[in-house]
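These notes concern the structure reproduced below.
In the numbering used here, the protein residues as written are 504 to 742.
Encoded structure:
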């Protein structure tokens, strides 16, 4: 199984490299937001305030939206059906896709932090251990949700659901605007969904600050539930 995972991970990365424009878009969206608000200071948003949310946005974009849509259309056009005819189990495919996306996210994060430091002279006092754990939990959670959507719905429905969920988490994720401006009931929902806890953990990791244990618990919950749902419900082809 390990050999299958390694081979499939290499294939996924090679395939991603061929879709260079899609990877470029994943990098450009959070980078454009950083540059726009960093230079304009609109709404009083500083680089310091933006970075944790933009890191969460990078993981959300790559692990959930992009992965779900790409996998959904691979499934539609029977790319995955051919893989299903091989000895490779679904678990190996899920791990390989999650691993390849995580590698892409490392590049995204490096570029984002590099621009923040060089252009805006931003600095951090990071808790490296918490930062790595946050990235791993966020990637596992979002990839699991994305693969669950891709492996359950038809491609067209996957496109709609993934984009709808992306916009929902963008609003409720404490990514650009703070969640405390939302109604109390919406704040409760935001704290349960994975985006806002992910942003909170990134904020704590970058400045060695304290965080609510509920944020870590929420991310662990989604990092387990997301891949589990993908493993249970993912099918090789549309039905």
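Built from N, CA and C at the ideal position, the CB exists for glycine as well.
Residue i - containing alpha helix (DSSP H), residue span
{"i": "residue 689", "result": "687–695"}
{"i": "residue 597", "result": "593–623"}
{"i": "residue 735", "result": "716–736"}
{"i": "residue 633", "result": "631–655"}
{"i": "residue 548", "result": "Neither: residue 548 is in no alpha helix (DSSP H) and is coded neither H nor E."}
{"i": "residue 512", "result": "505–521"}
Simplified DSSP state of residue i, which is helix, strand or coil
{"i": "residue 557", "result": "helix"}
{"i": "residue 677", "result": "coil"}
{"i": "residue 703", "result": "helix"}
{"i": "residue 571", "result": "helix"}
{"i": "residue 533", "result": "helix"}
{"i": "residue 683", "result": "helix"}
{"i": "residue 671", "result": "helix"}
{"i": "residue 584", "result": "helix"}
{"i": "residue 712", "result": "coil"}
{"i": "residue 698", "result": "helix"}
{"i": "residue 577", "result": "helix"}
{"i": "residue 544", "result": "coil"}
{"i": "residue 589", "result": "coil"}
{"i": "residue 659", "result": "helix"}
{"i": "residue 566", "result": "helix"}
{"i": "residue 627", "result": "coil"}
Assumed close pair residue i, residue j - CB separation to whole angstroms, cut-off 8 Å
{"i": "residue 675", "j": "residue 698", "result": "6 Å"}
{"i": "residue 612", "j": "residue 558", "result": "6 Å"}
{"i": "residue 597", "j": "residue 640", "result": "At roughly 16 Å, the Cβ-Cβ gap does not stay under 8 Å, so residue 597 and residue 640 are not in contact."}
{"i": "residue 568", "j": "residue 665", "result": "5 Å"}
{"i": "residue 644", "j": "residue 726", "result": "4 Å"}
{"i": "residue 690", "j": "residue 536", "result": "Incorrect: roughly 22 Å between the Cβ atoms, too far for contact."}
{"i": "residue 694", "j": "residue 717", "result": "7 Å"}
{"i": "residue 570", "j": "residue 604", "result": "5 Å"}
{"i": "residue 642", "j": "residue 566", "result": "5 Å"}
Residue-chain proximity (residue i, chain D), Cβ-Cβ < 8 Å
{"i": "residue 728", "result": "This model lacks chain D altogether; it includes just one protein chain."}
Closest Cα partner of residue i within the set the options
{"i": "residue 622", "options": "550, 707, 583, 609", "result": "550"}
{"i": "residue 734", "options": "599, 530, 543", "result": "599"}
{"i": "residue 581", "options": "657, 706, 595, 720", "result": "657"}
{"i": "residue 620", "options": "595, 520, 541", "result": "541"}
{"i": "residue 708", "options": "723, 648, 633", "result": "633"}
{"i": "residue 628", "options": "572, 710, 689", "result": "710"}
{"i": "residue 562", "options": "593, 648, 695", "result": "648"}
{"i": "residue 517", "options": "607, 728, 587", "result": "607"}
{"i": "residue 740", "options": "574, 570, 521", "result": "574"}
{"i": "residue 512", "options": "660, 602, 554", "result": "602"}
{"i": "residue 701", "options": "686, 683, 723", "result": "723"}
{"i": "residue 556", "options": "545, 577, 534, 576", "result": "534"}
{"i": "residue 624", "options": "616, 630, 631", "result": "616"}
{"i": "residue 653", "options": "545, 732, 703", "result": "732"}
{"i": "residue 547", "options": "714, 681, 729", "result": "681"}
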